[in-house]
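Residue numbers (the working numbering): 712 to 847.
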Amino acid sequence: LSKFGPKFKLVTYTTMSANLMLREIGIAIFLACVGLSAGEGFVETIVNGGYKWIGYGVIITMVPLFIVGIVGRKGFKLNYFTLMGLISGSMTDPPALSYSNAVAGNDAPAVSYATVYPLVMFLRVVTAQLMILIFL
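The following block contains the structure:
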């Protein structure tokens, strides 16, 4: 587009407000899709013994959050906004990142989110596999 923009008088610049609007629409569509697909078999899963797997999921989710929060605040003396991004990244949760960015008003949560996200995704897969090997 940048090659043909001046030639055909196309505007190829996206304003910040349009960029933010597209981000918010994307997060809303993501949450709607996740909610619609996750709620379908929830009751059936609970009735058939899925509560154990939900408990394991809570452990997999909450233990890293507490560790990141305590070590980040006490050990590394991170500020609140950076810690919000770290916790959002350790949950691999884009809506939490969106909230963190809205509260912070700066890019500190997004930078720390992008820093920890790849490592946490790897550790989640490894932790789940280890729990299956240990508990089953």
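Where a beta carbon is used, it is the ideal one built from N, C-alpha and C, also for glycine.
Exercise. So V779 packs on S801, CB below 8 Å; how close in whole Å?
Worked result: 5 Å
Exercise. For the stretch 786-795 against the stretch 753-766, are there 3 or more C-beta pairs whose distance is under 8 Å?
Worked result: no
Exercise. Does the Cβ of Y824 have 16 or more other Cβ atoms within 10 Å, making it buried, or fewer, making it exposed?
Worked result: buried
Exercise. How is the alpha helix (DSSP H) around K714 delimited, first residue to last?
Worked result: Neither: K714 is in no alpha helix (DSSP H) and is coded neither H nor E.
Exercise. Under the criterion of a Cβ to heavy atom distance below 7 Å, does A825 qualify as lining the ligand FMN?
Worked result: Looking at this structure, you won't find the ligand FMN or any other ligand, since it has none at all.
For this session: Please name the residue, chosen from I845, R835, V754 and L847, that lies closest to V769 on a Cα-to-Cα basis.
Result: R835
Exercise. Does the stretch 806-813 come close enough to the stretch 733-742 to have 3 or more Cβ pairs within less than 8 Å?
Worked result: yes
Exercise. Between V831 and F846, what straight-line distance do the alpha-carbon atoms span, to the nearest angstrom?
Worked result: 22 Å
For this session: Give the straight-line distance between the Cα atoms of Y767 and L776, rounded to the nearest whole angstrom.
Result: 15 Å
Problem set entry | Residues near S799 by beta carbon distance below 6 Å, same chain, minus five either side | A807, L808, S811 and Y824
Exercise. Is the Cβ-Cβ distance between M795 and V814 less than 8 Å?
Worked result: yes
Exercise. Roughly how many angstroms separate the alpha carbons of N817 and V745, rounded to a whole number?
Worked result: 27 Å
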